[in-house]
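**Q** Starting off with a structure, shown below.
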Amino acid sequence: MERNLTHVALFAALIAGLGLIPKFTLAFGVPITAQTLGVMLAGTVLGAKRGALACLLFIALVALGLPLLAGGRGGLGVFASPTVGFLVGWPVAAFVTGFIVERWRGNLALVSSIASVIGGILVLYVFGVIGMSVTLGKTLPEAVLLVTAFIPGDVIKAVLAGLITSALARSRPASVLSRG
Amino acid sequence: MISLTSPVETWAHRLPAGVKLAALSLATIGLFALQDPWELALAFAAVVALVLTGGSKFAAGAARSLRILLPFLALIALWHGVTGQVAEGIAVALRLLAALTLANFVTMTTRLTDMVAVASWLLAPFRRFGLSTRALELSVALVVRFTPSIARKGGLLTEAWRARSARRAGWQVVMPLAALAIDDAEHVAEALRARGGLEPPDTTG
C-alpha cells in the first residue's frame with residue numbers, strides 16, 4: 030500500500046520534473062517536451078491503475094494552481110485552452126498503455142513502445158482532437174489536420190519510452206510494477 | 007513551490023473559493039453557448055474590465071499568462087483568413103481569450119489552501135464509500151515536496167552529461183532520472199512503513 034502510494038506520487042513528480050528540464054527539438058523543428066514521455070512511462074512502468082492515478086494526481090495539482098506543466102504553466106486557464114484534451118486524456122492514455130504492457134507478455138522494449146503508441150498517441154489524440162475541435166470551433170477532421178505535425182515527435186517518444194522501460198527493468202528489476 | 011496565486015491582493019482574493027469556482031463554471035458554459043461575435047466581444051470586454059479592477063500590475067500578470075494562446079490565435083487568423091469566414095474566426099478567438107482570462111483570474115485570486123479546501127469539500131461524499139483522503143493528502147504533499155528535488159536531480163544529470171559530451175543532453179537523462187524517482191519512492195515507502203504506515207490511527211474507540 031505504501032509502495033503503491035509513493036510510486037504514484039513520485040511518478041507525478043517525475044512528470045512535473047520532466048517539464049522543467051530543457052526542451053529538446055527534433056531535427057525538423059517541432060519542439061517536444063518530455064512530459065508526455067513521462068505519461069507513457071507512468072503506464073509502462075507502473076501499470077494501468079497506478080499509472081492512471083499518477084496522471085490524475087498531476088492534473089488535480091495543475092487545476093489547484095501549481096505551475097507543473099512545461100514552461101511553468103498551470104491553473105484553471107489550462108482547462109480553457111485549446112490543448113485541454115491533451116492534458117485531460119493523460120490518465121486514460123497511461124491506463125491503456127499500462128493495460129497493454131500488463132497483458133501482453135512479450136519483449137518488454139517492443140511491447141512498451143507499441144503500448145505507448147496505442148495509449149500515448151492513439152488514445153491521447155482522440156481526447157486532444159476533441160478538445161481542439163470544441164475550443165477552436167473546428168470539425169473533427171479539421172482538428173486532426175492541426176495536430177498531425179506533432180505525431181512524428183510522439184512516435185519517437187513512444188520508442189524512447191520502450192527503450193527506457195526495458196533499461197529500467199534491467200537496472201531496477203523490481204521497479205517495473207506493470208510486470209510485477 | 008511557488009503557486010500561481012497573484013501576490014497583488016485584490017478584492018477577489020477575499021471572495022470564497024467555492025463561489026468563484028461555481029461562477030467560473032457557469033460563465034465558461036455561457037461563453038461556449040454564445041456564437042455572435044458582438045456578444046462575445048462584450049463578454050471579453052467585461053472580463054478585461056474585471057481583471058483591470060485588480061490594478062495595472064495584476065492585469066499585466068494576467069496578460070502574460072495569455073501568451074500561450076498566441077500560436078492558436080495566429081492559427082485562427084490564418085485559417086479564417088483563407089476560408090473567408092472572418093466573423094466566425096473573431097468569435098472563436100474572443101471566446102478563447104475570454105474563457106482563458108476568466109479561468110486565470112480565478113487561479114490568480116485564490117490561494118492554494120483555499121483551493122485544497124474546496125477540493126476536499128467536493129471529495130467529502132466519496133469518503134463515505136471508503137476513499138481515504140489521508141492517502142490523497144499524503145500523495146499531494148509528496149508531489150509538492152519531490153517535484154523540486156527531481157527537477158534538481160534532472161539539472162545535475164544534464165550538467166554531468168554536458169561535462170562529458172560536446173552534444174546537448176536530451177532524452178538520455180530521462181532513464182537515470184526515472185531510476186532516481188523510483189529509488190526515492192522505495193525509500194519513502196520504507197520510511198512510511200517504519201512510522202506506522204498509511205493505516206489511520208484508531209480514533210473510533
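Keeping their order, the protein sequence lines are chains A and B. For the first sequence, the residue numbers in the working numbering are 30 to 209. For the second sequence, the residue numbers in the working numbering are 7 to 211. No residue lacks a Cβ here, since even glycine has one placed at the ideal position from N, Cα and C. The model shown is predicted, which means the values in this text are computed figures rather than measured ones.
Are B/I156 and A/A42 closer than 9 Å when you measure CB to CB?
**A** The answer is yes: Cβ separation under 9 Å.
**Q** Which bits of chain A does B/E94 rub up against, with CB to CB less than 9 Å?
**A** Going along chain A in sequence order, the residues near B/E94 (Cβ under 9 Å) are G166.
**Q** Can you name the start and end residues of the alpha helix (DSSP H) that B/T139 belongs to?
**A** Run containing B/T139: 139-170, per the alpha helix (DSSP H) assignment.
**Q** Relative to the C-alpha of A/P218, which residue among A/L90, A/I143, A/V158, A/L197 is closest?
**A** Nothing about residue 218 of chain A can be read from this structure; chain A reaches only from 30 to 209.
**Q** Taking just the CA atoms, how far does A/P120 sit from A/A187?
**A** Near 16 Å, if we compare the C-alpha coordinates of A/P120 and A/A187.
**Q** Could you tell me the distance, in whole angstroms, from the CA atom of A/A203 to the CA atom of A/G148?
**A** Cα-Cα distance, rounded: 23 Å.
**Q** DSSP beta-bridge partners for A/L98?
**A** Note: A/L98 sits in a beta bridge opposite A/R102.
**Q** Could you check whether B/A109 and B/L30 sit closer than 9 Å to each other, using their CB atoms as the reference points?
**A** Cβ distance < 9 Å, so B/L30 and B/A109 count as in contact.
**Q** What residue from B/G36, B/L106, B/I96 has the CA that sits closest to B/V57's CA?
**A** Ranking the options by Cα distance to B/V57, first place goes to B/L106.
**Q** Using alpha carbons as the reference points, say which of B/L10, B/T59, B/E143, B/A187 lies closest to B/S71.
**A** Ranking the options by Cα distance to B/S71, first place goes to B/L10.
**Q** Could you confirm whether any beta carbon from chain A is found closer than 9 Å to the beta carbon of B/W85?
**A** Yes, because at least one Cβ of chain A sits closer than 9 Å to the Cβ of B/W85.
**Q** A/L95 versus chain B: which residues are under 9 Å apart at the beta carbon?
**A** Within 9 Å Cβ-Cβ: M7, I8, S9, L10, L118, V149, V150, T153.
**Q** Just verifying my parser: in three-state terms, what is the DSSP assignment at B/P245?
**A** Because residue 245 of chain B is not part of the residues shown, which for chain B are 7 to 211, the question remains open.
**Q** By Cβ distance below 6 Å, which residues in the same chain neighbour B/A65 in space, the five residues on each side in sequence not counted?
**A** Result list for B/A65: V57, L58, in chain order.
**Q** Please go through the same chain and pick out, in chain order, the residues whose beta-carbon is closer than 6 Å to the beta-carbon of B/G24, but skip the five residues on each side of it.
**A** If we look at B/G24 and ignore the five residues flanking it on each side, its Cβ neighbours are V124.
**Q** Residue range of the alpha helix (DSSP H) that A/A63 falls in?
**A** Counting along the chain, A/A63 falls outside any alpha helix (DSSP H), and DSSP gives it neither H nor E.
**Q** Please report whether the beta-carbon of A/V111 lies at a distance below 9 Å from any beta-carbon of chain B.
**A** It is Pro, not Val, that sits at residue 111 of chain A in the sequence shown. So, interface residue.
**Q** Verify whether the separation of the beta carbon atoms of A/T65 and A/F115 is less than 9 Å.
**A** Yes, the Cβ-Cβ distance between A/T65 and A/F115 is below 9 Å.
**Q** How would you write the range of the alpha helix (DSSP H) that B/K26 sits in, first residue to last?
**A** B/K26 -> alpha helix (DSSP H) spans 23-39.
**Q** Comparing alpha-carbon positions, which option in B/R158, B/V122, B/L128, B/G160 lies nearest B/E143?
**A** For the residues B/R158, B/V122, B/L128, B/G160, the minimum Cα distance to B/E143 belongs to B/V122.
**Q** Would you verify that the beta carbon of B/L58 is, or is not, closer than 9 Å to some beta carbon of chain A?
**A** Answer no: the Cβ-Cβ gap between B/L58 and chain A never drops below 9 Å.
**Q** So with CB distances below 7 Å, who are the chain E contacts of A/E31?
**A** As a matter of chain content, chain E is missing from the structure shown, whose protein chains are A and B.
**Q** Can you pull the chain A residues whose beta carbon is under 7 Å from the beta carbon of B/S145, in chain order?
**A** L34, V37, A38, L86, listed in chain order.
**Q** Roughly how far, in whole angstroms, is the beta-carbon of A/T194 from the beta-carbon of A/V184, given that I think they are within contact range, below 8 Å?
**A** With 8 Å as the limit, A/T194 and A/V184 do not qualify as a contact, their Cβ atoms being about 16 Å apart.
**Q** In angstroms with no decimal places, state the Cα-to-Cα distance between A/T54 and B/W177.
**A** Its pLDDT being 49, under 50, A/T54 is placed unreliably in this model, and the coordinates cannot settle the point.
**Q** I need the straight-line Cα distance from A/G67 to A/T73, nearest angstrom please.
**A** For A/G67 and A/T73, the distance between alpha carbons rounds to 10 Å.
**Q** Hey, how far is the Cα of A/A38 from the Cα of B/T153?
**A** Using only the alpha carbons, I get a separation of about 10 Å.
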